[in-house]
Every structure is written in C-alpha cells, then in structure tokens.
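Heads up, the thing below is written out as structure tokens.
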Amino acid sequence: MDYNNIIKNCEESSYLISMTPVEKIVEAGYYMGLNNQSKVLDLCCGYGEMLKIWCEAFSISGKGVDICTEFINKGNERISQNGLNNKISLVVENVKEYHDNEKYDVACLSGEDLFGGLKGTIRFLESFIKEDGKILIGTPYFHNKETPKELIKFQGELNTLEEIYDISKECGYLITHIAGCTQNEWERYVTWSARRDLKWLKNNPNHIDYQKKQEWIDYWYKMYFNYRKDYEGWALFVLEKI
Ligand SMILES: C[S@@+](CC[C@H](N)C(=O)[O-])C[C@H]1O[C@@H](n2cnc3c(N)ncnc32)[C@H](O)[C@@H]1O
Numbered sequence: 002m003d004y005n006n007i008i009k010n011c012e013e014s015s016y017l018i019s020m021t022p023v024e025k026i027v028e029a030g031y032y033m034g035l036n037n038q039s040k041v042l043d044l045c046c047g048y049g050e051m052l053k054i055w056c057e058a059f060s061i062s063g064k065g066v067d068i069c070t071e072f073i074n075k076g077n078e079r080i081s082q083n084g085l086n087n088k089i090s091l092v093v094e095n096v097k098e099y100h101d102n103e104k105y106d107v108a109c110l111s112g113e114d115l116f117g118g119l120k121g122t123i124r125f126l127e128s129f130i131k132e133d134g135k136i137l138i139g140t141p142y143f144h145n146k147e148t149p150k151e152l153i154k155f156q157g158e159l160n161t162l163e164e165i166y167d168i169s170k171e172c173g174y175l176i177t178h179i180a181g182c183t184q185n186e187w188e189r190y191v192t193w194s195a196r197r198d199l200k201w202l203k204n205n206p207n208h209i210d211y212q213k214k215q216e217w218i219d220y221w222y223k224m225y226f227n228y229r230k231d232y233e234g235w236a237l238f239v240l241e242k243i
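Residues in the sequence shown are numbered from 2 upward in steps of one, following our numbering.
This is the structure we're talking about:
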C-alpha cells in the first residue's frame, strides 16, 4: 500500500474546506477538459486548494478570491512552496464586490451562497466566463422534499437535485458533471469542525461561552447523526451553456 499517498491525501484534504474529495476534484477537472491553456477563477476559494490541485494535475493557471486573510496567506504560502506562483494567484477580496476584466474558461464558487440562491450564483459566475466557458458550483442539497423540520431549522431550505437541475436549465445551462462525496468526506468534515472546537475549549477553559460551545458540539454531532447523514448531500456541479 502507498502510505505516503494516503498521508499526502489527508494533508491536501485538510485544506479543502468543503467536502469533495481530492480524486473527485481531479475527475471534475478531467471532465471539464482542463489543460495548460485553461484559465480558472475560483471565488470563495478558501486556501485555493482546488486551483492548486488542478494546477498540479493539468497545469492550469488561475486566480482565487476569498475574504479570509488567514486562508489566502496560508494558501499563497503553499502555492509558493510548490513552485506554482507563476500560475496561481490568491487575493483577499469580498466576492460580492469583485470585478475582473479577464474572461475565464471556468468560474467556480463552492461552499457559499452569497447571491440569494442558485440562480443568483449562476448569473454572477457567468459574467466571468468566456462564451463557451463552464461554471462549477459546490453546494449542499436535500435528498428529497420531505426533509425533517429539525434539519431545515439547522440548515435552511436547500434545493433537491431535481431543483438544481431545473434551475440550471431555466438559466440556460445543463449539468454536465457531478462530483459528489461519500460518507467518508462527511465524517472528515464533521470531525474537523469538532477538533477545532475541542482546541478552542482547551485554550479557553474559563471563557464565558465555554458552556455554549459544548452545547454547540452536541447539537452539531446530533444534527449529523440524526438528520444530515440521511437527508443531506453535497456535490460539485459543472454547468455548460445549452
Ligand atoms: C465552505 S468554505 C469553501 C472554501 C473553498 N471553496 C473550498 O472548497 O475549500 C467558504 C469560503 O467562502 C469564503 N467567503 C465567505 N463569504 C465571502 C465573501 N463575501 N467574499 C469572499 N469570500 C467569502 C470563506 O472565507 C470561506 O473560505
């Protein structure tokens, strides 16, 4: 068994804040036809790990935008360490106010709803793509319409897969690839958050919000065990103009 590869995968996954596994990100790049001529814009890029992976796999060039300075600084450090800073740049900016004169082959937004739903996200992303460009959206969804009210209270209303398909078509796009995740990525994500909360508890034993944080951890885990595990999914959706 290639233990080093497993360890490298864990390391890369820890810089992906959403749930698509590394191999599915590479697969999505393959199905989008990424190559060394491709220019990719990733809005709400986190650490820019998706761009880094596509740069290593397909030699793309790209730009990532995120509001969090800590993520961008760490991401740029990793990009520089891997000798990719002539191909990838990450900048701190509010995506809602972001303008760009360049047009991209792919515009992505994964893990954040900043434009009032899927239609708004599609409309925003399409302003950055070339005529034959593609859009990639990462979003959670509900497995069916009969979602328990406890989950809606926690997560808000989400689209079902059918609704994602219908809204994309209304906007003039067809879903041409879906990169979903397995229970393994859910478990990685849920426990990642718990490890972060535990660290906070250890560092702040006398904090006024200590009890609240403990209650949140219970709520977080029980929402996953009792509801999210069965009723919620996550995927990257590639959309192409019809
Ligand atoms: C769930 S994370 C996903 C990160 C990344 N797409 C990934 O898959 O690893 C959502 C990201 O959106 C960023 N974000 C939230 N609101 C933003 C805004 N208004 N402008 C730019 N970035 C924003 C957060 O800082 C965070 O990095």
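From the three backbone atoms N, C-alpha and C, an ideal C-beta is built for every residue, glycine too.
This one's a predicted model, so the numbers in the text were calculated from it and none came from an experiment.
- Residue ranges of uninterrupted alpha helix (DSSP H) with 4 or more members, entirely inside the stretch 132–195 and ordered along the chain, are 150–156, 162–171.
- In this structure T21 is buried. Its beta-carbon is surrounded by 16 or more other beta-carbon atoms within 10 angstroms.
- Judged by their CB atoms, G76 and G63 are not nearer to each other than the 8 Å cut-off.
- Proximity of the beta carbon of L17 to ligand 1 is indicated: a heavy atom of the ligand is located closer than 7 Å.
- Closest option to L115, judged by alpha-carbon separation, among I130, I138, Y105: I138.
- Judged by the Cβ position, K97 qualifies as a neighbour of ligand 1 at the 7 Å threshold, a heavy atom of the ligand being closer than this.
- The closest heavy atom of ligand 1 lies 7 Å or more from the beta carbon of E24.
- I165 and K120 have their C-alpha atoms roughly 9 Å apart.
- Secondary structure at C109: strand, using DSSP grouped into helix, strand and coil.
- Three or more Cβ pairs closer than 8 Å define a contact, and the stretch 205–216 falls short of that threshold against the stretch 79–99.
- L162 is not a Cβ neighbour of S169, given a cutoff of 8 Å.
- As DSSP reads the structure, F238 sits in a beta bridge with I138, I179.
- In the DSSP assignment, L91 falls within the unbroken beta strand (DSSP E) covering 89–93.
- In the displayed model, S62 falls within a strand according to three-state DSSP.
- Remark: three or more beta-carbon pairs, one from each stretch, lie closer than 8 Å, so the stretch 225–232 and the stretch 142–156 are flagged as touching.
- Ligand 1 never approaches F238 closely enough for any of its heavy atoms to be under 7 Å from the residue's Cβ.
- Beta-bridge pairing by DSSP links V96 to no other residue.
- Annotated as proximal: N205 and Y211, with beta-carbon spacing under 8 Å.
- N102 and I130 have their alpha carbons spaced roughly 11 Å apart.
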